[in-house]
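Notes follow once the structure below has been shown.
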Amino acid sequence: MNVILLGPPGAGKGTQAKRLTARFGIPQLSTGDILRKAAADGTPLGKKAKALMDAGKLVPDEIVNGIIDEALASGQAAKGFLLDGFPRTVPQATALDEMVQRRGTRIDRVVVLEVPTEVLVERLSGRATCPRCQTSYGKDSPPKRPGICDNDGEKLVVRPDDMPDRVRQRMLEYESKTALLTGYYKARGVVRPVNGVGTVDEVEKRIVQALQ
Ligand code: AP5
Ligand code: MG
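Shown next, in the form of structure tokens:
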């Protein structure tokens, strides 16, 4: 099963992708997580991406297209994948079509997580993230020990792009470049809007239903 999780910043894409990965045994391919790791490792790619990410702007299509093509080529997604944060522009969506067609497969579902802006702003202002495994914690899902990741004991950080002005910039990028992808996929009958408000368990149940 090949799934795209679409939704604005803070919609819960990463939180739900981690749940769905555990449930279905297919990997989460998150361009944001991969880019943050590259930035933390100080690779040339990471250095190039970091300034744009910290400013809340999209990194160039060819960079993220290359990341996803490489991940698909690695064989980790042989049984399917959950895309979190990709595609984000029409050129990325067309590049993805070419990548999946080349491999004789297709996109089965596009889950669109719908959450009102005021809830997104509230969630992002309360988020702490593990720099190692990229798990997000929030007011509704705090870590067992304050400031420490449950999975690996790493000290949690606030993402630079969670500052209020950067959040505004990310929302603008989403509205102007990403939201229209729902229309891009609509004619294929694969789009499933899902209410992203409620507990993490409730939203997970709705997504599982939408995938059936
Ligand atoms: P990316 O990392 O993809 O960030 P994003 O899309 O802005 O989304 P977030 O990760 O902030 O939110 P999320 O939907 O994953 O929510 P989460 O589960 O954490 O991208 C970052 C940057 O990388 C981009 O700005 C760009 O620069 C670059 N980039 C990445 N991909 C790119 C691409 N394809 N093209 C170009 N550039 C790209 O949840 C948020 C919070 O809410 C958490 O605190 C969580 O605990 C909480 N929460 C989750 N669910 C619930 C719930 N049901 N109830 C209450 N709280 C909840
Ligand atoms: Mg995320």
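Following the numbering used here, the numbering of the sequence shown begins with 19 at its first residue and continues without gaps. Think of the CB as a built atom: it goes at the ideal place given N, C-alpha and C, for glycine as much as any other residue. The structure presented is a predicted model; accordingly, all values stated were derived computationally and were not measured.
Span of the alpha helix (DSSP H), counted from its first residue to its last, around residue i
i, result
"G191", "First, the amino acid is wrong: residue 191 is Glu here, not Gly. Per DSSP, E191 belongs to the alpha helix (DSSP H) from P182 to E191."
"V218", "V218 to L229"
"P11", "In this structure the chain extends from 19 to 230, so residue 11 is not present and cannot be described."
"L38", "K31 to F42"
"R3", "The chain is shown only over 19 to 230; residue 3 falls outside these bounds and no answer can be derived."
"G28", "Note, G28: premise wrong, no alpha helix (DSSP H); not H, not E."
"L199", "L199 to K204"
Terminal residues of the beta strand (DSSP E) in which residue i lies
i, result
"I22", "N20 to L24"
"P78", "Run containing P78: none; DSSP gives neither H nor E here."
"L47", "Q46 to S48"
Spatially closest choice to residue i from the options, by CA coordinates
i, options, result
"V221", "I85, A96, V21 and A35", "A35"
"T200", "L38, V77, D168 and F104", "F104"
"E172", "T153, G43 and L90", "T153"
"L150", "D59, M19, A40 and G122", "According to the sequence shown, residue 150 is Arg rather than Leu. Of the candidates D59, M19, A40 and G122, the one whose C-alpha sits nearest the C-alpha of R150 is D59."
"G144", "Q230, P182 and M189", "P182"
"R141", "D180, N169 and C167", "D180"
"R124", "E132, L100 and E88", "L100"
"E136", "V185, R121, D219 and Q230", "V185"
"I22", "V218, K204 and N169", "K204"
Proximity of residue i and residue j at Cβ, strictly below 8 Å
i, j, result
"A73", "G64", "no"
"G216", "L138", "no"
"V128", "A146", "no"
"P234", "Q94", "Residue coverage of the chain in this structure runs from 19 to 230, which leaves residue 234 outside it and unanswerable."
"Y202", "V130", "no"
"K157", "L76", "no"
"R210", "A228", "yes"
"V226", "D126", "no"
List in chain order: all unbroken beta strand (DSSP E) runs of 3+ residues lying wholly within the region 87 to 174. 99 to 102 and 127 to 132
With a threshold of 8 Å, are at least 3 pairs of Cβ atoms found where one atom belongs to the region 110 to 124 and the other to the region 81 to 88? yes
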